[in-house]
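Participant:
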Ligand code: NAD
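In my numbering, the protein residues as written are 70 to 425.
1) Would you call the stretch 293-313 and the stretch 385-397 touching, i.e. three or more CB-CB distances under 8 Å?
2) Which residues does DSSP pair with residue 162 in a beta bridge?
3) Compute the distance between the beta-carbons of residue 361 and residue 331, then report whether it is under 8 Å.
4) Give, in chain order, every unbroken run of the alpha helix (DSSP H) that is at least 4 residues long and sits entirely within the stretch 73-108.
5) If you draw a straight line from the C-alpha of residue 429 to the C-alpha of residue 295, how long is it?
6) Using the beta-carbon count (16 or more within 10 Å), is residue 337 buried or exposed?
7) Using only the heavy atoms of the ligand NAD, determine whether one of them is closer than 7 Å to the beta carbon of residue 327.
8) So for residue 127, helix, strand or coil by DSSP?
9) Measure the CB-CB distance between residue 129 and residue 111 and report whether it falls below 8 Å.
10) Is any heavy atom in the ligand NAD found nearer than 7 Å to the beta carbon of residue 187?
11) Please confirm whether residue 222 and residue 142 have their CB atoms less than 8 Å apart.
12) Taking the beta strand (DSSP E) that residue 199 belongs to, which residues open and close that run?
13) Assuming residue 381 and residue 418 form a contact by the criterion Cβ under 8 Å, report the distance between their Cβ atoms to the nearest whole angstrom.
14) I'd like to confirm something about residue 89: is its beta-carbon nearer than 7 Å to some heavy atom of the ligand NAD, or not?
15) Does residue 255 come out as helix, strand or coil in the three-state DSSP assignment?
16) Mind checking residue 277: buried by the 16 CB within 10 Å criterion, or exposed?
17) Return yes when at least one heavy atom of the ligand NAD lies under 7 Å from the C-beta of residue 315, else no.
18) Distance, Cα to Cα, residue 344 vs residue 161?
19) Closest by CA to residue 238, which one among 190, 220 and 94?
20) Based on DSSP bridge pairs, tell me the residues matched to residue 217.
21) Pop quiz: residue 101 and residue 183 are said to be a contact at Cβ under 8 Å. What is the actual Cβ separation, rounded to whole angstroms?
22) Along the chain, which unbroken stretches of the alpha helix (DSSP H) at least 4 residues long are found entirely within the stretch 245-297?
23) Three or more C-beta pairs under 8 Å: does that hold for the stretch 173-182 against the stretch 238-253?
24) Would you mind giving the Cβ-Cβ distance between residue 401 and residue 227, rounded to the nearest angstrom? I have them listed as a contact below 8 Å.
25) Measure the C-alpha to C-alpha separation of residue 169 and residue 70 and round it to an integer number of angstroms.
26) Do residue 207 and residue 137 have their C-beta atoms closer together than 8 Å?
27) Excluding five sequence neighbours on each side, which residues of the same chain lie with their C-beta closer than 8 Å to the C-beta of residue 139?
28) Using a Cβ-Cβ cut-off of 6 Å (strictly less than) and excluding sequence neighbours within five positions of residue 230, which residues of its own chain qualify?
29) Looking only at DSSP bridge pairs, what is residue 208 linked to?
30) Per DSSP, which one or two residues make a beta bridge with residue 157?
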């Protein structure tokens, strides 16, 4: 087969140093010339933010973030940033805090430094997402890509084990969905596979001992790689489904991803042998077990929720979900998705049907 591709790598500074995150955040503010910082640090990050605050040229602080980034919050936070004259945003938190920073940057072009506290990977992508009237809008833009990311696994230690597991499975979804996403290429496939290679043992060890810092480091490293692969390959079928479900039914982001992935893998992997091989290699191939069965067994072994019914989706919402998802299925998906296929996929994901 001839090797033909067109790959774009995103430029970003990445510092990885457990236990030293705050120093590196300060260093990066200095490096990128920040002189008026807006700090976004909600809930769990409040204590870290308090420690950081006194050492920053702080002009504003936002303590409230909301999952799926409602437009009303972007409006108020953007005007705070503008009024305060902020020239740098520091976001400490999960994908919701970083997502708010991205939405503000999109309007104001203020550069972002991100210090993630979950494995969602938003910090490594130029993808933004905001929700208005129950619809999640997403896109990509250079301003949404943080100029620097500081990874400190200690910042994830407060993340309760169940949230850490589903967040790590969200990262696995970035890598796996990237294997059949619209701009998949040999480089992002290789990065995604390396991400999986770190994520699978990282999550297994994290499940055994939630306080295992090495496991959290491995998971964080894998989550970064998986997000880089996702940013490059684009949103595949899995992400299109989850964007609709998240926006329309306000489902919890990471648990939803951890459920849906098994069923998208069951649908797509049989016709993408390279993806099936990479998945099998990362999960420890068991002969006669399909890629989807490996993914499914893994999430059950980790104790993630079984079906969408367990995270607040009512069965009566499925026809509406299918109606919204079908028009956004990527044209490049390796298999055509008929309305019947979508009904079956959503029905199985809702019920949590085991995959063999
Ligand atoms: P989140 O940021 O909503 O956090 C989930 C919960 O965990 C919150 O209650 C939060 O306060 C808490 N939390 C976070 N870190 C913690 C810590 N260290 N200790 C204790 N509690 C902690 O969840 P998420 O899954 O990280 O992010 C989801 C959002 O990110 C969604 O809106 C999703 O669309 C977006 N996202 C975007 C991208 C992208 O590339 N743009 C990628 C992934 C996720």
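A virtual CB, placed ideally from N, CA and C, is assigned to each residue, including glycine.
Facilitator: The answer reads as follows:
1) yes
2) Translated into positions along the chain shown, residue 162 becomes position 93. Note: residue 162 sits in a beta bridge opposite 185.
3) As a working note, residue 361 is residue 292 in the chain shown. As a working note, residue 331 is residue 262 in the chain shown. The answer is yes: Cβ separation under 8 Å.
4) 90-100
5) Outside the displayed range of the chain (70 to 425) lies residue 429, so it cannot be described from this structure.
6) By 1-based counting over the chain shown, the position of residue 337 is 268. Label assigned to residue 337: buried.
7) On the chain shown, position 258 is the one that residue 327 refers to. No - the ligand NAD has no heavy atom lying nearer than 7 Å to the Cβ of residue 327.
8) Locating residue 127 in the chain shown gives position 58, counting from the first residue. Correct three-state label for residue 127: strand.
9) As a working note, residue 129 is residue 60 in the chain shown. As a working note, residue 111 is residue 42 in the chain shown. For residue 129 and residue 111, no; Cβs fall outside 8 Å.
10) Numbered from its first residue, the chain shown carries residue 187 at position 118. Correct: residue 187 has its Cβ closer than 7 Å to the ligand NAD.
11) Counted from its first residue, the chain shown places residue 222 at position 153. Counted from its first residue, the chain shown places residue 142 at position 73. No; because the gap between Cβ atoms is not below 8 Å, this pair is not in contact.
12) Mapped onto the chain shown, residue 199 falls at position 130. It spans 196-201 - the beta strand (DSSP E) in which residue 199 sits, taken as one unbroken run.
13) What you label residue 381 is simply residue 312 of the chain shown in a count that begins at 1. What you label residue 418 is simply residue 349 of the chain shown in a count that begins at 1. No, residue 381 and residue 418 are not in contact; Cβ-Cβ is about 13 Å, not under 8 Å.
14) By one-based count along the chain shown, residue 89 stands at place 20. Residue 89 Cβ: outside cutoff for every heavy atom of the ligand NAD.
15) Sequence index remark: in the chain shown, residue 255 carries index 186 (1-based). In the structure shown, residue 255 sits in a helix (DSSP, three-state: H, G or I).
16) Along the chain shown, one-based indexing puts residue 277 at 208. Per the 10 Å Cβ criterion, exposed.
17) Here residue 315 refers to the residue found at position 246 when the chain shown is read from its first residue. Yes, the beta carbon of residue 315 sits closer than 7 Å to at least one heavy atom of the ligand NAD.
18) Counted from its first residue, the chain shown places residue 344 at position 275. Counted from its first residue, the chain shown places residue 161 at position 92. Near 33 Å, if we compare the C-alpha coordinates of residue 161 and residue 344.
19) Position 169 of the chain shown, counting from 1, holds the residue named residue 238. Checked all of 190, 220 and 94; the closest Cα to residue 238 is 190.
20) Reading the chain shown from its first residue, position 148 is the one you call residue 217. Answer is 82 and 182, bridged to residue 217.
21) For this step, residue 101 is matched to residue 32 along the chain shown. For this step, residue 183 is matched to residue 114 along the chain shown. That pair is no contact at about 12 Å.
22) 255-277
23) no
24) Within the chain shown, the letter at position 332 stands for residue 401. Within the chain shown, the letter at position 158 stands for residue 227. Actually they are not in contact, since the Cβ atoms of residue 401 and residue 227 sit about 39 Å apart, beyond 8 Å.
25) In the chain shown, the residue the question calls residue 169 occupies position 100. In the chain shown, the residue the question calls residue 70 occupies position 1. Their Cα atoms are separated by approximately 43 Å.
26) Indexing the chain shown from 1 puts residue 207 at position 138. Indexing the chain shown from 1 puts residue 137 at position 68. No. Outside cutoff.
27) Stepping through the chain shown from its first residue, residue 139 is reached at position 70. Within the same chain, residue 139 has close Cβ partners 199, 200 and 201.
28) Locating residue 230 in the chain shown gives position 161, counting from the first residue. If we look at residue 230 and ignore the five residues flanking it on each side, its Cβ neighbours are 279.
29) By one-based count along the chain shown, residue 208 stands at place 139. Paired residues: 197.
30) In the chain shown, counting from the first residue as 1, residue 157 sits at position 88. BP columns for residue 157 point to 106.
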